[in-house]
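All remarks here apply to the structure that follows.
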Amino acid sequence: MELTRTNYSSGAPLEEKTGYSRMVKVGPFIYIGGTTAVQPDGTVYGEGSAYEQTKYILEKLVNLLEKAGSKKEEVIKIKGYATDMKYAPEIAKAYSEIFHDIKPLFTVVGTHMLNRPTQLVELEVDAVIGSRVE
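Sequential numbering of the sequence shown, starting at 36, is according to our numbering.
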């Protein structure tokens with residue numbers, strides 16, 4: 036079985052320079068790479084607040100899913116990175132506000148740093164179009 040692959044860009048200059056996509060859709064499967072709270076103007080949203088950054092990132096991710104014909108109810112897995120595990124409760128709070136009833140797999144891993152010192156959280160998402168919670 037051959038599946039069609041579609042690459043999606045967020046328009047970030049580094050994507051073209053480095054050669055990566057923000058999101059890849061293969062058949063019904065959607066994979067969104069590491070996404071942070073960087074705004075279109077290049078500034079970091081919610082500086083100093085892991086909760087605000089997580090909420091902003093999740094909103095970005097839901098918008099990306101919709102571009103690919105999916106929705107938050109079809110999210111299977113979210114993987115997060117936090118520059119300090121003390122942020123885990125803030126990350127979990129923002130996550131729960133959007134995904135509590137959907138209950139995808141959810142992992143948060145501590146990491147020394149992200150691309151910028153003001154970035155506290157980075158998230159990745161996997162979804163399957165047509166999947167539903169029973």
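Quick reminder that beta carbons are idealized off the backbone N, C-alpha and C, glycines included.
Computed from a prediction, not measured in an experiment: that's the story for all the values here.
Only residues of its own chain outside the window of five on either side were considered, and among them I133 have a CB closer than 6 Å to the CB of L93, listed in chain order.
When the alpha-carbon of V97 is set against those of E82, I113, S56 and E50, the nearest one is in I113. Two segments are said to touch when three or more pairs of C-beta atoms, one from each, lie closer than 8 Å; by this definition the segment 155-166 touches the segment 103-112. Around the Cβ of E37, a 10 Å sphere holds fewer than 16 other Cβ atoms; the residue is exposed. According to the DSSP secondary-structure assignment, R151 is paired through a beta bridge with no residue. Between the segment 62-82 and the segment 145-155 there are three or more inter-stretch CB-CB distances shorter than 8 Å, so the stretches are counted as touching.
The residues N42, Y43, S44, E50 and G68, in chain order, have a CB closer than 8 Å to that of S56 in the same chain once the five nearest residues on each side in sequence are set aside.
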